[in-house]
């Protein structure tokens, strides 16, 4: 899904989408609530800022904290995926989350 930007609607992008059989859907510009990815990115940024706030982490480690939050979200089961993790839905293998 994209916001109908010219760069994302050119012939090269359409060719790549066709090659990988990706359905390209556009949303109305300036209506982020229609774009699922925008919501996920916002949730991830909020989670990163919360973790940094509560741990007193310096701002220079923001990217590392973001990667940590991504790893957590990939290891948590989601109802929309029938209570499977995103990694399990992608690869078919249940991730080992033991310490």
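Residue numbers (this note's numbering): 13 to 111. For glycine and all other residues, C-beta sits at the position ideal for the given N, C-alpha and C.
- Boundaries cannot be given for residue 95, as no alpha helix (DSSP H) includes it and DSSP labels it neither H nor E.
- Its Cα nearest to that of residue 76, the residue 56 stands out among 56, 88, 52.
- Beta-bridge pairing by DSSP links residue 90 to 96.
- A direct Cα-Cα distance of roughly 31 Å separates residue 37 from residue 74.
- Taking C-alpha positions only, residue 103 is separated from residue 53 by approximately 22 Å.
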